[in-house]
Amino acid sequence: VDIQMGEEEEEEERGDEEHGGACGSAAPPAVTVQFRWGVQTFLRTETLQCERHVYQARGTLDGKGGLFLRYSSEREGGSWELGSPSGGCLYYMVSSA
Numbered sequence: 004v005d006i007q008m009g010e011e012e013e014e015e016e017r018g019d020e021e022h023g024g025a026c027g028s029a030a031p032p033a034v035t036v037q038f039r040w041g042v043q044t045f046l047r048t049e050t051l052q053c054e055r056h057v058y059q060a061r062g063t064l065d066g067k068g069g070l071f072l073r074y075s076s077e078r079e080g081g082s083w084e085l086g087s088p089s090g091g092c093l094y095y096m097v098s099s100a
């Protein structure tokens, strides 16, 4: 899994850092994740978990589902989780970042 921010998001994040950002840290407005099977963009939501924003991918046509990217403190000191409302956590990566 390769997680990247676009140039616009990096510039906005740098701008947020200069001004203190929200809650003392800059959270990018979007995160793009490259999977083996394709690319998915997650947009920042106002929902917080472990004092970090939850990111949400575009939902399905029926209005249900859609993937989320969120931070959890439940595994080995902390991890980023990729999951869905119906399936819960599908993948995780241990990280304190």
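Start counting the sequence shown at 4; every next residue gets the next number (my numbering). Ideal Cβ placement from N, Cα and C applies to all residues, glycine included.
When DSSP states are grouped into helix, strand and coil, E84 belongs to the strand group. L70 is a Cβ neighbour of G86, given a cutoff of 8 angstroms.
For R55, the beta-bridge partners assigned by DSSP are Q52. Within the DSSP secondary-structure output, R73 pairs in a beta bridge with E84. When the beta-carbon positions are compared, R78 and V97 come within less than 8 angstroms of each other.
Around the beta-carbon of Y94, fewer than 16 other beta-carbon atoms lie within 10 Å, marking it exposed. Residue pairing by DSSP places R47 opposite Y58 in a beta bridge.
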